[in-house]
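Structure record follows, encoded as C-alpha cells.
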Amino acid sequence: MKLSQVFYIIFLFFLVSQVKSTSDMIDQTCKSCAAKSTIFDYNFCVSSLNNSPIALPSPTNLSSLALVPMLQALDNATATASTIQQLLISDDDGSFRSACLRDCLELYEDATDRLEEAVRVFITRKELGTVNVMVSAAMESAVTCENGFRERDDGDGGGGGVTTWTSPIGDENHKLFEFGQIALCIINMLSSSVTSLSF
Numbered sequence: 403m404k405l406s407q408v409f410y411i412i413f414l415f416f417l418v419s420q421v422k423s424t425s426d427m428i429d430q431t432c433k434s435c436a437a438k439s440t441i442f443d444y445n446f447c448v449s450s451l452n453n454s455p456i457a458l459p460s461p462t463n464l465s466s467l468a469l470v471p472m473l474q475a476l477d478n479a480t481a482t483a484s485t486i487q488q489l490l491i492s493d494d495d496g497s498f499r500s501a502c503l504r505d506c507l508e509l510y511e512d513a514t515d516r517l518e519e520a521v522r523v524f525i526t527r528k529e530l531g532t533v534n535v536m537v538s539a540a541m542e543s544a545v546t547c548e549n550g551f552r553e554r555d556d557g558d559g560g561g562g563g564v565t566t567w568t569s570p571i572g573d574e575n576h577k578l579f580e581f582g583q584i585a586l587c588i589i590n591m592l593s594s595s596v597t598s599l600s601f
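In the working numbering, each residue's number is its place in the sequence shown (first place is 1) plus 402.
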C-alpha cells in the first residue's frame, strides 16, 4: 500500500472519530439540558447543534459548542427584525397588530445588539456571567413580543392564552427562546466546570 493511501486512511479514521465524538457530545449535552427543564426540547437541541448557521469547524468541546446556539439566535433575531420590517410595509395602519409589530421591531433590534455583544464577549473575554445576562435579555425580548399579541388574544376571549403562539412571528419568537435555552444551558455547564476547577 502506498504511503499516501495510508495517510488517507488515517485521515478518514480521525475524521470519522471526530464526527462520532461531536455527535456524542451533542447528544449528551442535550440530554443533560433536557433533564434540567421540563420545557427544554431535546430534539430541537440536537437538530440545532448539528446545523450551525455558518461554516464552523466541528465543535470539539463545550466552549466551541456554546457558540453555535448563540450564532443561531443572532441569525434568528436579525432575520426576524427584517421580517417585521416587511410586515410593517403592508400592515402599518395604526391597528393593534401593527402597534405590536412596531414594539416587536424595537425588541428584536435590541435582541440583535445584545446577542452580537454576547458573541463578542464570549469569544474575546469568556465572561460567562455577562454572556448569560445578554442571552437572557434576548430571550426576554421574544417573550415580551409574543405577550403583546397574547394580551389582545386574552382580552377578546379568543382562546389564545399562554400556551399558544398566535402572532405573525410566533414561530420566530419561539425559536429565539429555544436557541437561548440551549445557549444558557451550555453556558451554565461551562460556569460549573470553571467553578469546580477554582477550588
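The beta carbon of each residue, even a glycine, is placed where N, CA and C say it ideally should be. Keep in mind the model is a prediction, meaning the values are calculated, not measured.
Asked	Found
Residue 490 beta carbon less than 7 Å from that of residue 470	no
Sufficient close CB pairs (3 or more, under 8 Å) joining the region 528-542 to the region 493-502	no
Buried or exposed (CB count within 10 angstroms, at least 16 for buried), residue 444	exposed
Backbone CA spacing between residue 538 and residue 585 [nearest angstrom]	9 Å
Proximity below 7 Å, CB of residue 387 to CB of residue 589	Any question about residue 387 goes unanswered here, given that the chain covers just 403 to 601.
When 432, 454, 512, 440 are compared against residue 447, the one with the closest alpha-carbon	432
Proximity test, residue 450 beta-carbon vs the ligand ATP heavy atom, cut-off 6 Å	This structure simply doesn't include the ligand ATP, nor any ligand for that matter.
Residue 497 burial status per 10 Å Cβ neighbour count (16 or more: buried)	exposed
Proximal residues to residue 438 (C-beta, below 8 Å), its chain only, five neighbours per side dropped	587
Nearest-angstrom Cα separation, counted from residue 529 out to residue 493	41 Å
Boundaries of the alpha helix (DSSP H) in which residue 439 is found, first to last residue	Where residue 439 is concerned, there is no enclosing alpha helix (DSSP H), given that its DSSP letter is neither H nor E.
Contacting residues, own chain, Cβ-Cβ under 8 Å from residue 481 (five flanking each side not counted)	574
Where the alpha helix (DSSP H) through residue 471 begins and ends	464-493
Nonlocal neighbours in the same chain, by C-beta distance under 6 Å from residue 476, ignoring five residues either side	517
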